[in-house]
Amino acid sequence: MGREEWSSTLGFILASIGSAVGIGNIWRFPYIVGANGGGAFLIPYLVSVLLFGLPLMVLELAIGRSTGTSVVSTFRSIRKRFSVAGLVIVTIVSLILGYYLVITSWVLAYALFFILGRPMEFGAFTDSYLPLVFFLLSGLAVFMTVRSGVREGIERASRYLIPILLVFLLFLVAVSLTEPGAVEGVGFYLSPDYSRLTDPAVWIAAFGQAFFSLSVGMGILLTFGSYLKREALFRNAAIIAAADILIAVLAGLAIFPLVFTAGLDPAAGVNLAFITLPSAFTEIRYGMLLGALFFLMLFAAALTSAVSMLEAPTAALMDSYGYPRKRATLLVFAAVMLLGLPSALSYTALKLEVFGTAFLALADYAFGTIGLIVAGLIVSIVGGWFMSRARICAEIGGCGWQQKVYMTLIRYGVPAVLLITLIGSFFRVAG
Ligand code: PFF
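So for the sequence shown, the working numbering puts the first residue at 24; every next one is plus one.
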C-alpha cells in the first residue's frame, strides 16, 4: 500500500490550521497580549511569526515532503545516529499531548455543563473524579480520529470543525462587541503600550507564544508534509499562519468584553477559561448559550490540535517499525494516557503535586515550554545544517536570493531566537 495522502490542498491547509489553532490561541494568546503591552505586542508577535515561525514551518514541510516519511525515519535517513533526536521529539510531543488532553477534557466537560445549563464551579469539578471520566472521553475522541487515517480521520475532522469554529467565534465576537463592557474590554486587550517593546521579557513571550501557537518544531508539520504532493509551500504556510493569527486576535475580542461586562478582572491561563469566563457567562444575557458556544468552539480547536500531536508519534511508529495504523495508534494512545495521568490526577481530589506545584503546571513548564523549545532547536539544527541544501531548494522553488535569505534565517536566526527563549524561560523572565 502506498503512503497516505491529503485528498486536496484545502484538506491539508485545514488540517494544519486545525493543528495550529488550539487552546494556545483562544485563552493563552489574548491574555498574553493584554499583559504584554496590548496592541503593541502585535509587533513582536508578527516579527516572531514572519521571521522565525514561518521559515521553520516551511522547513518542516519541505523536509517531510522530500523524504516522504515521518520524523524518526527522516532523521535516520539524514544521519543514522540522528534517529535518537527523532525519538526525543516524538517523546516530547507525547508528553505535551498528555497534559494538553487534560485541559481538552475540561473544555469538553464545560461544553456539556453549559449545554445542560448547569455550569459547575471549577473547584467542585476538580474535587471530584469527574475530570478522569472526561480525560478518557477526550482521549478516545482523539484516538478514534487518528485511527481512521489521514483523509478519513485527521482531514475530515478539520473539514467540519474548523468552519464551525470560525462561525461560532465570529458570532461570539459580534455579541461581545455589543455588550456594555466592550469599550473597556477592547481597551484592556488592545490599547498599545509601546514602552513595553524595550522589555526583553515581552519579546521572549512573543517568541514562545509564536512557536507554541504555530505547532512548529515538533515534527508534526514534517509528518503532515510527508502526505503532500506538489503544492506551493510558502503560500500555504503563509495561509496557515495568517489563519492562526486571525483566530487568536478574534478570540481576545470575544473574551475581554464579556469579562468586563460581568465586572470581573481578567485573569491568566486556567483561571481565565475555567473560573473567570464561566462566571462571566452566568452574569450576562443568554450566558448559557454563549458559554456552550464558547466551550464547543474551544473543544473543536483543542481536539484538532491534539489529533495532530497524536499523529506525529503514530506515524513514526508506522514508518519505523512497519506497524499498521490501527495498532500504532492504540500503542501511542495508551502511552499518552499514562503520561497524562499524573496531570489529570493533579486536578482531582487526589491533588497530585510536586514541590507544592500541581503536576499539570509543572508539565506545562517542563514539556510545553522547555521541551517545545528543545524540540524546535533540534529540528532547526538538523534540518538547517545537515539536510542537503539542494534537496531543500528543490522543495521550495529553487535556490534564488529569497531562498538564501530563508536558509540564513533557518540556520542562524531560528536557533538563536530559540536559544534566547530557552534561557529566558529557564529563568522565567517571560511570565
Ligand atoms: N498549537 C496548539 C495551540 O495553540 O493550542 C498547541 C500545540 C500543538 C503545541 C502541537 C505544540 C504542538 F506540537
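Heads up, the beta-carbon is just placed ideally off N, CA and C, and yes, glycines get one too. Treat the numbers as computed from the prediction; the structure is a model and nothing was measured.
Residues near residue i by beta carbon distance below 8 Å, same chain, minus five either side
{"i": "Ile404", "result": "Pro438"}
{"i": "Leu457", "result": "Since the first residue of the chain shown is 24 and the last is 454, residue 457 is not available in this structure."}
{"i": "Ala413", "result": "Cys422"}
{"i": "Tyr54", "result": "Pro289, Ala290, Ala291, Gly292, Leu295"}
{"i": "Gly391", "result": "Ile119, Tyr122, Tyr123, Phe235"}
{"i": "Ile115", "result": "Met241, Phe390, Gly394, Leu395, Val397, Ala398"}
{"i": "Tyr152", "result": "Thr371, Ala372"}
{"i": "Tyr346", "result": "Leu340, Leu354"}
{"i": "Phe105", "result": "Phe98, Arg99, Val405, Phe409"}
{"i": "Ile185", "result": "Leu37, Ile40, Gly41, Val44, Ala323, Thr327"}
{"i": "Thr32", "result": "Glu254, Asn259"}
Distance between beta carbons of residue j and residue i, contact taken as under 8 Å
{"i": "Val3", "j": "Ser117", "result": "In the structure as shown, the chain begins at 24 and stops at 454. Residue 3 is therefore absent and cannot be evaluated."}
{"i": "Ile233", "j": "Val72", "result": "Contrary to the premise, residue 233 reads as Ala rather than Ile in this sequence. Yes, Ala233 and Val72 are in contact; Cβ-Cβ is about 5 Å, under 8 Å."}
{"i": "Leu79", "j": "Val402", "result": "7 Å"}
{"i": "Ala358", "j": "Val94", "result": "Not confirmed; about 16 Å, so no contact."}
{"i": "Gly45", "j": "Ser366", "result": "Actually they are not in contact, since the Cβ atoms of Gly45 and Ser366 sit about 16 Å apart, beyond 8 Å."}
{"i": "Phe158", "j": "Leu124", "result": "6 Å"}
{"i": "Val330", "j": "Val165", "result": "5 Å"}
{"i": "Gly399", "j": "Leu441", "result": "5 Å"}
{"i": "Tyr212", "j": "Gly57", "result": "5 Å"}
{"i": "Thr371", "j": "Pro154", "result": "5 Å"}
{"i": "Ile40", "j": "Ser181", "result": "7 Å"}
{"i": "Ala325", "j": "Ile243", "result": "Contact flag wrong, Cβ pair sits at about 15 Å."}
{"i": "Met360", "j": "Gly162", "result": "5 Å"}
{"i": "Leu432", "j": "Leu65", "result": "With 8 Å as the limit, Leu432 and Leu65 do not qualify as a contact, their Cβ atoms being about 21 Å apart."}
{"i": "Leu200", "j": "Leu276", "result": "7 Å"}
{"i": "Ala38", "j": "Ile138", "result": "In fact, because the Cβ distance is near 27 Å, the residues do not count as touching under 8 Å."}
{"i": "Val407", "j": "Leu237", "result": "As written in the sequence, residue 407 is Gly, which differs from the Val given in the question. Between Leu237 and Gly407 the Cβ distance is about 17 Å, and since that is not below 8 Å, they are no contact."}
{"i": "Ala274", "j": "Phe52", "result": "7 Å"}
{"i": "Arg170", "j": "Arg348", "result": "7 Å"}
{"i": "Gly172", "j": "Glu27", "result": "6 Å"}
{"i": "Ser30", "j": "Arg174", "result": "5 Å"}
Bridge partners - residue i, DSSP secondary structure assignment
{"i": "Val377", "result": "Thr380"}
Contacts around residue i, its chain only, beta-carbon distance under 7 Å, and the 5 residues preceding and following it disregarded
{"i": "Arg88", "result": "Gly248, Ser249, Leu251, Glu418"}
{"i": "Leu256", "result": "Val81, Leu84, Ala85, Glu418, Ile419"}
{"i": "Leu110", "result": "Val95"}
{"i": "Ile36", "result": "Asn259, Ile262, Ile263"}
{"i": "Asn59", "result": "Arg219, Val225, Ala228"}
{"i": "Ala63", "result": "Pro215, Asp216, Tyr217, Arg219, Leu220"}
{"i": "Gln425", "result": "none"}
{"i": "Val113", "result": "Val94, Val95, Gly242, Ala335, Pro336, Ala339"}
{"i": "Leu287", "result": "Thr299, Ser302, Ala303"}
{"i": "Gly140", "result": "Met311"}
{"i": "Thr246", "result": "Gly87, Ser93, Val94, Glu334, Ala335, Ala338"}
{"i": "Ser343", "result": "Val95, Ser96"}
{"i": "Arg434", "result": "Gly407, Trp408"}
Other residues of its chain near residue i: CB distance less than 6 Å, five sequence neighbours each side excluded
{"i": "Tyr133", "result": "Phe318"}
{"i": "Phe191", "result": "Leu316, Met320"}
{"i": "Ser100", "result": "Thr90"}
{"i": "Ser369", "result": "Leu375, Ala381, Phe382, Leu383"}
{"i": "Ser223", "result": "The residue asked about is misnamed: residue 223 is Pro in this sequence, not Ser. Excluding residues within five positions, none has a Cβ falling inside 6 Å."}
{"i": "Ala266", "result": "Ile40"}
{"i": "Met167", "result": "none"}
{"i": "Ala351", "result": "Thr337, Leu340, Met341"}
{"i": "Pro142", "result": "Phe136, Pro301"}
{"i": "Val377", "result": "Leu385"}
Is the number of C-beta pairs between the stretch 272-286 and the stretch 203-216 that are closer than 8 Å three or more? yes
Between the stretch 230-245 and the stretch 59-72, can you find at least three pairs of beta-carbon atoms closer than 8 Å? yes
With three or more C-beta pairs closer than 8 Å as the rule, is the stretch 33-52 touching the stretch 376-387? no
Evaluate the contact criterion for the stretch 32-44 versus the stretch 288-295: three or more CB pairs, one atom per stretch, below 8 Å. no
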